[in-house]
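Input: a single structure, listed below in structure tokens.
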Amino acid sequence: MNNLWQDHKAICTNMGLSIMTFIRNIKYSVRQLCKFPVFTIVAVLSLGLAIGANTAVFSVVNGCLLKRLPVRNAHELREVNWTGSGFRNIQTNGRSSGEGTDVLISDAFSYDTYLQFRDNCQESVEILALARLRSTSVVSDNEAWMANGLMVSGNFFSDLGVSSVLGRTLSETDDKPGAEPVAVLSYAFWQKRFDSNPQVQGKTITLNGESYVIAGVLPRDFHGVMSLDNTEFYVPIASYSCLLKGWEQSSKWGTHMLARVPPSVEETQICAGLSVLFNQSIQPEALLDPDSSTHKIIMKDASRGYGGAQNSYIKPLSILMAIVAIILVAACTNVAGLSLARDASRRHERAVRTALGARRWHLIQQSLVETFVIALLGALVGWVLASWSKATLSRLLLTEDIFVDLRIDSMVWLFSFAVILSITLLSGLLPALQAARTNPMNSLKDRSMLGSPRSRLGRVLVSIQAGLCLLILVGAGLFVRTLLILERIDTGFNANNLLVFQLDAYQAGYRGETLQDYYEQVCQEIQTLPGVHSAACSDIQLLGGWANSQGNVKIPNSSRTMNILWLTVGGDYLSTLSIPLKSGRTFSPTDTESSDKVILVNEALARTAFPTTDPIGQTLQLGFYSNQYRIVGVIGDFKYRNIKSDTEPLAIFLNKQNQQLYRTYYFVRTQSRPFSLVPAIRQTIASIDSRIPMAQVKTQEIQIAESIASERLFALLGAGLAVMAVILVCIGLYGLMSHHVTSRTNEIGIRMALGASPKDVGWPVLREALLLAVSGIVFGIPVALGVVRLIQSLLFGISPYDPVTLISAVILLVAVTMVAAWVPARRAAKVDPLTALRYE
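Below is the structure:
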């Protein structure tokens, strides 16, 4: 026992001594940093910029890709999918992959399949059902708006462990036929639309024409289970037939499922059991081969949200994280180079300490502690910058309908601590090892060694930093040129003074001719408003990423087929969008439901289907309508799906003849600022039917900007990070050259006393800086050429090996290098020989 006590006492004593030594080293480091304020400020700001950029980007990465759902045991949640082939006569409302192949993977099931899973699955496994309600019409207190909701099973909230802050959540009794329709609001929706009114419980709202009673409000930190999606309200999935009319049919699959699989349960066994139930639930008429039983259930991790929407952000966020990591490495080399240059003037001090008995480990420890203090101060600056910039970064990166939780959690703190330790090692290890190599005899014999300018390691670090800067400049240049190319693309229509918004009368109960008459009436009423030039509508938002398509359209008088895009329009569509009519005529009032079916085609379709004949008067048979359509006009090509796509064959139908306008986009050509007419248009629509809200109100110019938002993001961030990299190179080069000039003041004075001109003194400084830049370019060009291949998919209209971008980056780096070295060179040229000779 005595020995154990003595060992414990010795350990405690050693720990106490180590802590005291660490505290003394911190105090000494602070005093030393205060003696060199310029070095300290430059180093702290350099690291602060790099740490701020890394922390801000990682906060978005963490919220977007890493953070788990704030629910009970999120790691147990699984997304239920099926894989198989041989289906027919079914329509799915969900994500599918493998289209064009025999085997599909989908997350959409029929409602009957969910009931089969719920009633027959193992007791230890919970099945949760959900179905999306996109752009749902919500009416309350004679005010209408659009919102995104979710239909969920009665066990949804209880199984996730989510309670309410007001009222109650949904329960099993709510999810039964005949139960009172109730809804639960998200906290953000309650704040935004109901002004946080505590009396909202029991209030009646209308969803797609159906009345629901508000049962409660969810907690502030619960934003739903859909990845990157902020669900605004929840209703029982028993409302399926009311809110998703028609989708309750067995041939239409729009139900999604989550499964909670405890660690004690074998996931493969659950999948096998559900596969049997899935095959039993499929109606025979939905299969090409009724005897087929090859359809299987597979599960995916859903701990970070259902839907996998974050997958599309993995690559851009990874590239962005790599860029800011390069910035961090550049900042570390910068601080290391400045530390090496500054430590050259402290060699006499270190020699005295070594001669008095200081060990090499103590010198290394002191140098690392000093770098740690600098990194800690830089982290404080960086956290301030990150807290200011992360919200701005997320707004640039993500669209309005996407939610990302940017709150700092343990993952962000661990990342910040790892960054501080990395900086301490990357920035402090080389200076520490250099300090440990101090020879006390040589240093004490000659005080003139105080400021030796020959720091090869410092030069290497500056060259590496210049090479990394070149890499970022090339990447930023490619992103900027991509954006410029996209902004100059001719869309084929006039986007100026064009207001766009969406109406959905179908959800309000309009059907058939009544639905089309409503949309036509809105068009006519809007055209009478002062300041409106014309108005039209269609079923697709131009450049919104969506398109109607039809494959295997037969070309007349040929055995060939083609794929076409199609639009259904109302009003004076061509005139409103300024799309030119190349030949024939446009739609006229005589084109009605009872008249011959007519269409307009673009030049791309005319070239493909009728390369040698006049398309006017020709007919096309289109499978989705099974009718013959006579071509009455050929219009100019215009961008439809997105601005990057090549022009594809397109046919335009008239809504009066096809009755295919359900959810409609309006295009209003204005004579003044488009948004100034929004109140008048909103009032006009409300006077016709107050239950139908305007949604997605924007201008076509904004829509075009949103379609190239990712390219603009990379151009802006790339340019900003390139500026940061250039600043770091300037700081590092200026610090190194300034130290060299200061340490060689005596030598410069002697040369000038012997007749050297200011040019003879200043030019070597500029030449040395230029050599450092050239060596960095030699290092950076091969690295840049190898790395730019990784961003090739993010470029448009430009090669990743674009010589103009590469040459421009090299010229800019050389110019920046000369500017950074000009001040030290000018100071060297103005050295007074008499002052220099007394310098020692």
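Residue 569 in numbering that gives the first Met the number 0 is what sits at position 570 of the sequence shown, and the numbering runs on without skipping anything.
Where a beta carbon is used, it is the ideal one built from N, C-alpha and C, also for glycine.
So the beta strand (DSSP E) S537 belongs to, where does it begin and stop?
Your numbering for residue 537 matches position 538 in the sequence shown. Counting along the chain, the beta strand (DSSP E) containing S537 begins and ends at 531-537.
May I ask you to list the residues that DSSP assigns as paired with T513?
For the purposes of this step, residue 513 is taken as the residue at position 514 of the sequence shown. Note: T513 sits in no beta bridge, so no partner.
Report the residue ranges of all alpha helix (DSSP H) runs contained in full by the segment 604-686; include only those spanning at least 4 residues, in chain order.
654-657
Is the separation between the beta-carbon of F492 and that of I578 shorter than 8 Å?
Residue numbering aside, residue 492 sits at position 493 when the sequence shown is read from its first letter. Residue numbering aside, residue 578 sits at position 579 when the sequence shown is read from its first letter. Cβ distance < 8 Å, so F492 and I578 count as in contact.
Complete runs of the beta strand (DSSP E) confined to the segment 462-528 [at least 3 residues]
497-503
8 Å contact criterion, which I313 and A724 should meet: CB distance rounded
Counting from 1 along the sequence shown, the entry for residue 313 is found at position 314. Counting from 1 along the sequence shown, the entry for residue 724 is found at position 725. Wrong, their Cβ atoms sit about 24 Å apart, outside the cutoff.
Which first and last residues belong to the beta strand (DSSP E) in which L566 is found?
For the purposes of this step, residue 566 is identified with residue 567 of the sequence shown, where counting begins at 1. From DSSP, the beta strand (DSSP E) with L566 extends over 560-570.
Classify G223: buried if its beta carbon has 16 or more other beta carbons within 10 angstroms, exposed otherwise.
The residue you call residue 223 lines up with position 224 of the sequence shown. The residue is buried, with at least 16 neighbouring Cβ atoms inside 10 Å.
Q702 vs L542 beta-carbon contact at 8 Å
Translated into positions along the sequence shown, residue 702 becomes position 703. Translated into positions along the sequence shown, residue 542 becomes position 543. Cβ atoms of Q702 and L542: closer than 8 Å.
Grab the span of the beta strand (DSSP E) containing S105 for me, first residue to last.
For the purposes of this step, residue 105 is identified with residue 106 of the sequence shown, where counting begins at 1. Unbroken beta strand (DSSP E) run through S105: 103-105.
Could you please give the first and the last residue of the uninterrupted alpha helix (DSSP H) stretch that includes S136?
For the purposes of this step, residue 136 is identified with residue 137 of the sequence shown, where counting begins at 1. No alpha helix (DSSP H) contains S136, which is instead part of the beta strand (DSSP E) from 125-139.
Note the first and the last residue of the continuous beta strand (DSSP E) segment covering Q695.
Position 696 of the sequence shown, counting from 1, holds the residue named residue 695. Looking at the DSSP string, the run of the beta strand (DSSP E) that includes Q695 is 694-698.
When DSSP builds the beta bridges, which residues end up paired with K299?
For the purposes of this step, residue 299 is taken as the residue at position 300 of the sequence shown. The partner list for K299 (beta bridge, DSSP) reads E78.
CB contact flag (L497, T698, <8 Å):
Taking the first residue of the sequence shown as position 1, residue 497 is located at position 498. Taking the first residue of the sequence shown as position 1, residue 698 is located at position 699. Contact flag set, yes.
By the 10 Å Cβ neighbour count, where 16 or more other Cβ atoms means buried, how is S557 classified, buried or exposed?
Mapped onto the sequence shown, residue 557 falls at position 558. Exposed, because fewer than 16 other Cβ atoms sit within 10 Å of the Cβ of S557.
Where V822 and Y733 are concerned, what is the direct C-alpha to C-alpha distance, given to the nearest angstrom?
As a working note, residue 822 is residue 823 in the sequence shown. As a working note, residue 733 is residue 734 in the sequence shown. Between V822 and Y733, the C-alpha separation is close to 8 Å.
Does DSSP put F586 in a helix, a strand or coil?
Numbered from its first residue, the sequence shown carries residue 586 at position 587. Three-state result, F586: coil.
Taking 6 Å as the limit between beta carbons, can you name the residues of its chain near K330, skipping five residues before and five after?
Counted from its first residue, the sequence shown places residue 330 at position 331. This sequence places Ala at residue 330; Lys is not what is there. Closer than 6 Å at Cβ, skipping near neighbours: S45, L46, A49, L727.
With 16 as the cutoff for other CB atoms within 10 Å, does R766 come out buried or exposed?
Locating residue 766 in the sequence shown gives position 767, where the first residue counts as 1. Exposed, because fewer than 16 other Cβ atoms sit within 10 Å of the Cβ of R766.
Nearest residue (CA-CA) to S338, options I126, S689, L460
The residue you call residue 338 lines up with position 339 of the sequence shown. The shortest Cα separation from S338 among I126, S689, L460 belongs to L460.
Can you give the Cα-Cα distance for L206 and V138, rounded to whole angstroms?
Looking up residue 206 in the sequence shown gives position 207. Looking up residue 138 in the sequence shown gives position 139. Their Cα atoms are separated by approximately 7 Å.
Taking only three categories from DSSP, how would you classify A546?
Taking the sequence shown and counting its residues from 1, one reaches residue 546 at position 547. A546 falls in the coil class under three-state DSSP.
Evaluate contact between the segment 226-236 and the segment 259-266, counting only Cβ atoms and requiring at least three cross-stretch pairs below 8 Å.
no
What does DSSP give as the partner residues of F232 in its beta bridges?
As a first step, residue 232 is located in the sequence shown; it is residue number 233 there, counting from the start. In the DSSP output, where bridge partners are listed per residue, F232 has G148, L184.
Residue(s) in a DSSP beta bridge with N601:
Your numbering for residue 601 matches position 602 in the sequence shown. I634, per the DSSP bridge assignment.
Taking the alpha helix (DSSP H) that S274 belongs to, which residues open and close that run?
Residue numbering aside, residue 274 sits at position 275 when the sequence shown is read from its first letter. It spans 266-280 - the alpha helix (DSSP H) in which S274 sits, taken as one unbroken run.
Can you tell me which of A52, I790, Y800 puts its alpha carbon nearest to the alpha carbon of L784?
Locating residue 784 in the sequence shown gives position 785, counting from the first residue. When only C-alpha atoms are compared, the closest one is Y800.
Could you check where the alpha helix (DSSP H) with L114 kicks off and where it finishes?
For the purposes of this step, residue 114 is taken as residue 115 along the sequence shown, with counting starting at 1. Run containing L114: 110-119, per the alpha helix (DSSP H) assignment.
Can you give the beta carbon distance from S671 to G530, rounded, assuming they're within the 8 Å contact cut?
Reading the sequence shown from its first residue, position 672 is the one you call residue 671. Reading the sequence shown from its first residue, position 531 is the one you call residue 530. Yes, they are in contact, since the Cβ atoms of S671 and G530 sit about 5 Å apart, within 8 Å.
Contact the segment 472-484 vs the segment 633-641: 3+ CB pairs below 8 Å
no
V161: first and last residue of the uninterrupted alpha helix (DSSP H) it sits in:
Translated into the one-based positions of the sequence shown, residue 161 becomes position 162. Premise fails: V161 is in no alpha helix (DSSP H) and is neither H nor E.
Continuous alpha helix (DSSP H) assignments of at least 4 residues falling wholly in the segment 756-788
757-786
DSSP on S210, reduced to helix/strand/coil?
Taking the sequence shown and counting its residues from 1, one reaches residue 210 at position 211. Correct three-state label for S210: strand.
Could you have a look at T591 and say whether DSSP puts it in helix, strand or coil?
On the sequence shown, position 592 is the one that residue 591 refers to. Of the three classes helix, strand and coil, the one that applies to T591 here is coil, per DSSP.
With DSSP run on the structure shown, which of helix, strand or coil describes E705?
Here residue 705 refers to the residue found at position 706 of the sequence shown. Helix, per DSSP.
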